[in-house]
Amino acid sequence: MSMAGAAQDTGPGAASKVRKGEVLLQVKGLKMYFPVTEGIIFRKTVAQVKAVDGISFDIRKGETLGLVGESGCGKTTTGRCILQLERPTEGEIVFAGQNLVDLDARALRPLRRKIQVIFQDPYSSLNPRMKTGDIVAEPMYVHGLEPDATKREQRVKELFSVCGLSPNLTDRYPHEMSGGQRQRVGIARALSLNPEFIVCDEAVSALDVSIQAQVINLLEDLREEFGLTYLFIAHDLSVVRHLCHRVAVMYLGKIVELAECDELYDNPLHPYTRALLAAVPVPDPEIEAKREHQTVKGEVPSPINPPSGCVFHPRCPLAVDSCRSEIPDLRELKPGHWVACTEV
Amino acid sequence: MAKILEIENLQTQFFTSAGTVRAVDGITYTVNRGETVAIVGESGCGKSVSALSILRLIPDPPGRVVGGSIRFMGMDILALSDAEIRKVRGRRIAMVFQEPMTSLNPVLTIGRQLTETLEHHLGMAREAANARAAELLGMVGISDPERRLTQYPHHLSGGMRQRVMIAMALSCEPELIIADEPTTALDVTIQAQILELMRDLTKRLGVALIIITHNLGVVARYADRVNVMYAGKIIEQGSALQIYHQPSHPYTLGLLKSVPRLDQPRKEKLDPIQGQPPDLTRLGAGCAFRPRCRYAVERCANEIPALEPVSEGHTSACWQKDSLDQPLRDAS
Numbered sequence: 001m002s003m004a005g006a007a008q009d010t011g012p013g014a015a016s017k018v019r020k021g022e023v024l025l026q027v028k029g030l031k032m033y034f035p036v037t038e039g040i041i042f043r044k045t046v047a048q049v050k051a052v053d054g055i056s057f058d059i060r061k062g063e064t065l066g067l068v069g070e071s072g073c074g075k076t077t078t079g080r081c082i083l084q085l086e087r088p089t090e091g092e093i094v095f096a097g098q099n100l101v102d103l104d105a106r107a108l109r110p111l112r113r114k115i116q117v118i119f120q121d122p123y124s125s126l127n128p129r130m131k132t133g134d135i136v137a138e139p140m141y142v143h144g145l146e147p148d149a150t151k152r153e154q155r156v157k158e159l160f161s162v163c164g165l166s167p168n169l170t171d172r173y174p175h176e177m178s179g180g181q182r183q184r185v186g187i188a189r190a191l192s193l194n195p196e197f198i199v200c201d202e203a204v205s206a207l208d209v210s211i212q213a214q215v216i217n218l219l220e221d222l223r224e225e226f227g228l229t230y231l232f233i234a235h236d237l238s239v240v241r242h243l244c245h246r247v248a249v250m251y252l253g254k255i256v257e258l259a260e261c262d263e264l265y266d267n268p269l270h271p272y273t274r275a276l277l278a279a280v281p282v283p284d285p286e287i288e289a290k291r292e293h294q295t296v297k298g299e300v301p302s303p304i305n306p307p308s309g310c311v312f313h314p315r316c317p318l319a320v321d322s323c324r325s326e327i328p329d330l331r332e333l334k335p336g337h338w339v340a341c342t343e344v
Numbered sequence: 345m346a347k348i349l350e351i352e353n354l355q356t357q358f359f360t361s362a363g364t365v366r367a368v369d370g371i372t373y374t375v376n377r378g379e380t381v382a383i384v385g386e387s388g389c390g391k392s393v394s395a396l397s398i399l400r401l402i403p404d405p406p407g408r409v410v411g412g413s414i415r416f417m418g419m420d421i422l423a424l425s426d427a428e429i430r431k432v433r434g435r436r437i438a439m440v441f442q443e444p445m446t447s448l449n450p451v452l453t454i455g456r457q458l459t460e461t462l463e464h465h466l467g468m469a470r471e472a473a474n475a476r477a478a479e480l481l482g483m484v485g486i487s488d489p490e491r492r493l494t495q496y497p498h499h500l501s502g503g504m505r506q507r508v509m510i511a512m513a514l515s516c517e518p519e520l521i522i523a524d525e526p527t528t529a530l531d532v533t534i535q536a537q538i539l540e541l542m543r544d545l546t547k548r549l550g551v552a553l554i555i556i557t558h559n560l561g562v563v564a565r566y567a568d569r570v571n572v573m574y575a576g577k578i579i580e581q582g583s584a585l586q587i588y589h590q591p592s593h594p595y596t597l598g599l600l601k602s603v604p605r606l607d608q609p610r611k612e613k614l615d616p617i618q619g620q621p622p623d624l625t626r627l628g629a630g631c632a633f634r635p636r637c638r639y640a641v642e643r644c645a646n647e648i649p650a651l652e653p654v655s656e657g658h659t660s661a662c663w664q665k666d667s668l669d670q671p672l673r674d675a676s
């Protein structure tokens with residue numbers, strides 16, 4: 001794995017294929033507030049957690065959009081809103097021309113088939129009392145996709161081998177499998193309904209390094225093979241860079257920067273994105289010895305009472321007086337490179 | 345440099361209904377004064393158990409240290425009585441655990457948890473201990489320390505709690521701190537803050553640090569020397585530079601290749617290690633990594649390779665160590 005060898009590998013695969021496809025999913029002004037209540041009999045709302053506070057983006061067919069940020073920034077809530085596991089407070093989620101927010105449960109059902117999810121924790125996202133084969137078969141049964149039991153079983157075996165699991169593992173229970181295998185079962189379950197769009201919520205974060213690489217490769221292969229579109233939610237910036245075409249950085253419920261993957265990593269503009277990138281250690285002691293280690297001060301404030309103006313200003317090295325009062329809009333500084341900061 | 349910890353052929357086993365788990369299977373390493381030593385490996389490789397063995401914190405039953413020796417400042421840790429080991433724990437060897445959420449007592453104030461060790465080990469009076477506790481919190485970068493002393497762990501964020509853990513570890517000025525995945529539960533910007541803090545403090549106070557982690561980036565940034573563990577054994581040992589620039593064991597090589605890196609051009613595909621880590625109750629004869637190894641030869645199936653020198657201060661346990669394709673980077 002020399003430098004020269006790595007350079008030849010650059011680009012294509014991830015970077016060049018997608019671009020001008022049709023828009024598959026559009027999120028417009030999405031807000032998700034959770035009430036904080038007080039009292040038992042006379043329950044009243046005393047505050048609101050602004051988990052997601054007015055974000056917009058779109059995802060084209062075949063594209064992978066990375067959503068990165070620290071815990072509590074609202075990235076998972078965004079994913080759950082798209083999956084309609086939460087009904088957003090405000091905003092639109094347009095999938096294949098239909099606004100999911102306007103639809104009732106019955107009208108949503110056929111669309112749910114097309115939007116699937118892979119969860120973070122392969123331990124708690126599989127029912128411990130079901131055999132893994134049944135876990136993968138159940139969505140097909142529920143959606144009436146393969147009513148014939150024998151055919152369904154056949155399809156489960158196919159899905160297992162597509163996900164790199166031996167088909168004779170279908171009789172095992174989740175606890176009889178390793179973390180990596182369980183995550184593959186979770187992926188097989190998501191694929192069972194032939195979805196168009198998959199929300200990967202920290203899908204590889206809980207896995208060990210050597211297994212993580214296997215699952216990342218699997219996700220990439222599946223994307224090519226089935227023409228999938230991913231929303232890849234993660235906090236590991238190097239994994240996101242490897243897998244995504246475009247990346248959105250979230251902080252305290254807002255998108256602070258959105259750009260093509262290479263552009264964002266080569267030329268980060270928002271001070272928060274820069275701080276995040278500087279905080280990731282590189283596995284090479286020589287490079288690490290030379291790098292400057294500037295850490296951002298302080299911690300992420302509470303989303304119940306976010307700072308006025310720009311939410312990042314208390315930790316920001318560039319902050320000026322106006323940052324305290326004015327909320328910066330996302331501006332397009334270069335084609336496709338959006339930043340919510342007035343000082344860059 | 346003065347050696348403060350010498351571990352020789354340490355073996356810790358767990359006796360379970362499924363069979364004997366050889367969690368730590370004959371590891372040998374030393375820690376010098378003021379040095380940072382990393383133990384790297386994946387879940388279940390025995391890295392945490394090896395650290396808990398040093399403090400004799402292995403639950404017995406089912407676990408027991410069955411062989412080897414641990415010498416700390418000339419003392420034979422394994423021969424100490426329970427009363428004697430309690431004087432070492434927290435006083436001379438301190439521990440920082442992974443989970444800042446569960447490793448603080450939720451019903452005691454931060455102040456009480458800090459002063460407890462000071463009063464117990466150093467015999468300080470309540471007043472003096474309180475003053476010292478406030479000073480310690482200030483040292484680890486917690487603002488308004490007097491007020492924090494009266495708060496409970498649930499008042500603090502994860503990063504703050506980990507700072508409290510570090511303050512507790514430092515409180516009796518130990519010679520050695522063992523940090524077991526100290527930042528795994530934290531966000532990247534907080535992880536960077538905590539690691540910088542630990543490095544500053546250990547360098548300033550001359551404390552040696554054993555840092556247990558699976559994050560290769562963290563190791564590269566902070567460790568002087570590295571031990572790579574796999575299936576209960578140390579399979580490669582060396583300085584951080586040696587391990588990263590001349591990995592001499594197929595497992596280390598595989599680990600380094602399988603992580604995407606921010607400092608290198610994007611690659612088409614990652615190059616993972618195939619297969620799964622082995623079941624520690626069913627280790628066969630021969631090298632435990634053989635089923636996943638690209639370089640395996642016949643000999644690997646029958647004979648377990650020992651750690652042998654590759655270069656000065658760099659050892660690897662692999663029969664094929666001289667025929668791995670090298671190096672990881674060009675000289676440029």
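These protein sequence lines map, in sequence, to chains P and H. If you're matching positions, the first sequence starts at 1 in the numbering used here and goes up one per residue. If you're matching positions, the second sequence starts at 345 in the numbering used here and goes up one per residue. Glycine residues also receive a C-beta, built at the ideal position from the N, C-alpha and C atoms.
Own chain residues within Cβ distance below 6 Å of H:A382, not counting five before or after:
On the second sequence, residue 382 of chain H is found 38 positions in, with the first residue counted as 1. So the list reads I555, V563, A567, V570, once near-sequence residues are dropped.
Going along the chain, which residues of its own chain have a beta-carbon closer than 6 Å to the beta-carbon of H:R415, five neighbours each way excluded?
Start at 1 with the first residue of the second sequence, and residue 415 of chain H comes out as number 71. E350, listed in sequence order.
From the DSSP output, in three-state form, read off H:M509 for me.
Taking the second sequence and counting its residues from 1, one reaches residue 509 of chain H at position 165. DSSP places H:M509 in helix when its eight states are reduced to three.
Shorter than 8 Å from the beta carbon of P:G180 to some beta carbon of chain H?
In the first sequence, the residue the question calls residue 180 of chain P occupies position 180. With 8 Å as the cut-off, P:G180 counts as an interface residue toward chain H.
Relative to the alpha-carbon of H:V432, which residue among H:L466, H:N449, H:P406, H:P444 has its alpha-carbon at the smallest distance?
Sequence index remark: in the second sequence, residue 432 of chain H carries index 88 (1-based). Of H:L466, H:N449, H:P406, H:P444, the residue nearest in Cα terms is H:L466.
Establish whether the CB of P:E90 and some CB of chain H are separated by less than 8 Å.
As a working mapping, residue 90 of chain P is identified with position 90 in the first sequence. For P:E90, the answer is no, since every Cβ of chain H falls outside 8 Å of its Cβ.
8 Å CB neighbourhood of P:M250 in its chain, flanking five on each side removed
On the first sequence, position 250 is the one that residue 250 of chain P refers to. Excluding positions up to five away in sequence, the list reads I55, L67, V68, G69, C73, G74, K75, T78, V256.
What residues from chain H crowd round P:E354, counting only those whose CB sits closer than 7 Å?
Nothing about residue 354 of chain P can be reported from this structure: the residues present for chain P run from 1 to 344 only.
According to DSSP, is H:K547 part of a helix, a strand, or is it coil?
Numbered from its first residue, the second sequence carries residue 547 of chain H at position 203. H:K547: helix per DSSP, three-state reduction.
Spatial neighbours of H:R400 in its chain, beta-carbon cut-off 7 Å, leaving aside the 5 residues before and after
If you number the second sequence from 1, residue 400 of chain H lands on position 56. These residues qualify, in order along the chain: I421, I429.
For a cutoff of 8 Å on Cβ pairs, would you count P:S71 as touching chain B?
The structure shown contains no chain B; its protein chains are P and H.
With H, G and I counted as helix, E and B as strand and the rest as coil, what does DSSP make of P:F34?
Mapped onto the first sequence, residue 34 of chain P falls at position 34. The answer is strand: DSSP assigns P:F34 an E or B state.
Would you mind telling me which residues of chain H sit closer than 8 Å to P:E299, beta carbon to beta carbon, in chain order?
Here the question's residue 299 of chain P lines up with position 299 in the first sequence. Near P:E299 (Cβ distances below 8 Å), the residues of chain H are S501, G503, M504, I534.
Check whether the segment 523-533 of chain H and the segment 431-447 of chain H touch, using three or more Cβ-Cβ pairs below 8 Å as the test.
yes
P:C163 to H:E352 span [Cα, whole Å]
Sequence index remark: in the first sequence, residue 163 of chain P carries index 163 (1-based). Sequence index remark: in the second sequence, residue 352 of chain H carries index 8 (1-based). If you take the alpha carbons of P:C163 and H:E352, they lie about 43 Å apart.
Backbone CA spacing between H:R408 and H:S392 [nearest angstrom]:
Position 64 of the second sequence, counted from the first residue, corresponds to residue 408 of chain H. Position 48 of the second sequence, counted from the first residue, corresponds to residue 392 of chain H. C-alpha separation (whole angstroms): 14 Å.
Is the segment 610-630 of chain H touching the segment 202-218 of chain P, taking contact as three or more C-beta pairs under 8 Å?
yes
Within the continuous alpha helix (DSSP H) that includes H:V563, where are the two ends?
Numbered from 1 along the second sequence, position 219 holds the residue referred to as residue 563 of chain H. 560-566 is the span of the alpha helix (DSSP H), which, as asked, contains H:V563.
At a Cβ threshold of 8 Å, is P:D208 touching chain H?
Numbered from its first residue, the first sequence carries residue 208 of chain P at position 208. Yes, contact with chain H.
Which ranges would you report for the beta strand (DSSP E) in the segment 558-632 of chain H if only whole runs of at least 3 residues count?
569-574, 577-583
Is the separation between the beta-carbon of H:P635 and that of H:A575 shorter than 8 Å?
What you label residue 635 of chain H is simply residue 291 of the second sequence in a count that begins at 1. What you label residue 575 of chain H is simply residue 231 of the second sequence in a count that begins at 1. Not in contact: H:P635 and H:A575 (Cβ atoms no closer than 8 Å).
Identify every residue that forms a DSSP beta bridge with H:D763.
In the structure as shown, chain H starts at 345 and stops at 676, and residue 763 of chain H therefore has no counterpart that could be examined.
With contact counted as at least three CB pairs below 8 Å, one residue from each stretch, are the segment 229-239 of chain P and the segment 276-293 of chain P in contact?
yes
Based on the DSSP secondary-structure assignment, which residues constitute the bridge partners of H:M419?
Position 75 of the second sequence, counted from the first residue, corresponds to residue 419 of chain H. Beta-bridge pairing links H:M419 to H:F416.
Cα separation between H:S361 and P:D148?
One-based indexing of the second sequence puts residue 361 of chain H at position 17. One-based indexing of the first sequence puts residue 148 of chain P at position 148. Cα to Cα, the separation comes out at about 42 Å.
As a quick exercise: from H:K611, H:G630, H:P594, pick the residue whose alpha carbon is nearest that of H:D666.
Walking along the second sequence from the start, residue 666 of chain H turns up at place 322. Selected option, being the one with the closest Cα: H:P594.
Which residues share a DSSP beta bridge with P:K254?
Position 254 of the first sequence, counted from the start, is the residue given in the question as residue 254 of chain P. Bridge partners of P:K254: P:Y251.
Could you name the residues that DSSP lists as bridge partners for P:F197?
As a working mapping, residue 197 of chain P is identified with position 197 in the first sequence. Looking at the DSSP assignment, P:F197 forms a beta bridge with P:I115, P:T229.
Kindly list, in the order they appear in chain H, the residues whose Cβ is closer than 8 Å to that of P:T295.
Taking the first sequence and counting its residues from 1, one reaches residue 295 of chain P at position 295. T533, A536, Q537, E540, listed in chain order.
Min CB distance P:Y173 to chain H below 8 Å
Position 173 of the first sequence, counted from the start, is the residue given in the question as residue 173 of chain P. No, its Cβ sits nowhere closer than 8 Å to a Cβ of chain H.
If you compare alpha carbons, which of H:M509, H:M419, H:M468 is closest to H:I486?
For the purposes of this step, residue 486 of chain H is taken as the residue at position 142 of the second sequence. The residue with the shortest Cα to Cα distance from H:I486 is H:M509.
From H:G657, H:Q620, H:L606, residue whose alpha carbon lies closest to that of H:E580:
What you label residue 580 of chain H is simply residue 236 of the second sequence in a count that begins at 1. Selected option, being the one with the closest Cα: H:G657.
Residue interval of the beta strand (DSSP E) (run including P:R60):
For the purposes of this step, residue 60 of chain P is taken as the residue at position 60 of the first sequence. Unbroken beta strand (DSSP E) run through P:R60: 44-60.
How would you label P:L85, buried or exposed, when you count the other beta carbons within 10 angstroms and need 16 or more for buried?
Taking the first sequence and counting its residues from 1, the one referred to as residue 85 of chain P is at position 85. So P:L85 counts as exposed.
Looking at the C-beta of P:N168, does it have a partner C-beta in chain H at a distance below 8 Å?
Sequence index remark: in the first sequence, residue 168 of chain P carries index 168 (1-based). Not one chain H Cβ lies under 8 Å of P:N168.
What residues in its chain sit with their C-beta under 8 Å from that of P:L65, if we drop five residues either side in the sequence?
Taking the first residue of the first sequence as 1, we reach residue 65 of chain P at position 65. Closer than 8 Å at the Cβ level, and outside the excluded window around P:L65, lie F57, I59, Y230, L231, F232, C244, H245, R246, V247, A248.
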